[in-house]
Amino acid sequence: MKRQYQTASIEAADLLDRRVEPHYGKTLTRLLAAHALAEKLTAIGYQRALAAIDDPDLAPTIRKNFVEEKKHARLIYRLLEELGTTEEQADRSMIKAAKSPSFAAPRRFAEAPADALALLMASLSLDVTGLLMIGVNYRESSYAPHARAAEIILDEEEDHEQFAASALRDAAERFGAERVNAALREWLPMAANFFGPPGSGFTFDCLRYGLKARDNGELAELYLTMIGRRIEQAGLSMPAMTKRYPHALV
Ligand SMILES: [Fe+2]
Ligand SMILES: [Fe+2]
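Under the numbering used here, the final residue of the sequence shown carries the number 397; numbering is consecutive throughout.
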């Protein structure tokens with residue numbers, strides 16, 4: 148699809164001075180509210196993991212990730228504030244979406260107690276996916292402040308992704324393949340759903356305005372191919388899932 152606005156071509160002032168059609172601002176605000184909430188729930192998950200996991204080898208990484216996720220959430224809420232939407236208003240606008248399958252993984256991480264295995268699953272489901280969404284979509288956003296925030300976030304998400312990748316390689320030995328496979332069956336459908344429903348009117352608008360570069364379905368497929376390869380390389384089994392959103396076990 149041809150995008151109407153090029154990468155980083157729009158600044159907050161263009162919206163505030165109404166040089167861009169109002170629907171662009173509405174679409175952007177909704178996208179930023181979803182991004183901010185995902186970062187915030189991930190930060191809460193890491194905070195809870197820090198309190199629950201008593202492993203001196205893991206603690207520094209969990210603490211680092213917690214601080215960075217909190218910073219990511221702040222960065223995105225600040226973009227919303229610039230456009231006149233408070234954190235509270237943004238979160239309130241997400242109440243319904245937050246209950247949908249696309250938020251199941253971050254919600255689960257923020258609400259359920261995490262042990263070391265759940266931490267790995269959350270990282271595979273939130274950091275690896277986040278790296279794709281931000282690296283592929285938001286880095287090239289037509290909204291310049293979001294593209295700039297994406298560059299900052301990406302640097303740190305690359306570390307989070309490395310942590311998930313190396314923890315996955317050792318997981319079978321550390322936890323036993325059967326336990327890890329059971330956890331993958333529980334988490335991977337949620338992880339794939341984190342990209343959101345494909346072909347929605349909202350995503351169509353995001354693509355048209357250049358707020359996203361790829362459709363959700365394409366990114367979910369990319370993720371499943373990549374993670375599937377790594378899971379098999381680690382001697383684990385990729386769970387069989389339905390092909391369409393919301394993905395479920397078959
Ligand atoms: Fe993040
Ligand atoms: Fe992360």
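All residues carry an ideal CB built from backbone N, CA and C; glycine is no exception.
Here's a check: name, in chain order, each residue in its chain whose Cβ is nearer than 6 Å to the Cβ of GLU234, leaving out the five neighbours to either side.
TYR224
Same chain only: Cβ atoms within 7 Å of LEU371, ignoring 5 sequence neighbours per side
Counting only Cβ-Cβ distances below 7 Å, and skipping sequence neighbours, we find ALA339.
Under a three-way DSSP split, which group does TYR356 fall into?
Looking at TYR356 - three-state DSSP - the assignment turns out to be coil, as it is neither helix nor strand.
Verify the contact flag: GLY282, CB atom, against every heavy atom of ligand 1, threshold strictly below 7 Å.
No, ligand 1 has no heavy atom inside 7 Å of this Cβ.
Examine chain C for any beta-carbon lying closer than 8 Å to the beta-carbon of ASP302, and answer yes or no.
As a matter of chain content, chain C is missing from the structure shown, which is built from one protein chain.
To the nearest angstrom, how far is it from the Cα of ALA263 to the Cα of GLU229?
38 Å
Keeping to the same chain, check which residues put their C-beta closer than 7 Å to that of ALA159; ignore five residues upstream and five downstream.
GLU229, LEU230 and PRO292
What residues in its chain sit with their C-beta under 8 Å from that of ALA180, if we drop five residues either side in the sequence?
LEU227, THR232, ALA237, ASP238, SER240 and MET241
Using the beta-carbon count (16 or more within 10 Å), is GLU258 buried or exposed?
exposed
For GLU298, is the classification buried or exposed, using 16 other Cβ atoms within 10 angstroms of its Cβ as the cut-off for buried?
exposed
Return yes when the C-beta of LEU205 is under 7 Å from any heavy atom of ligand 2, and no when it is not.
no
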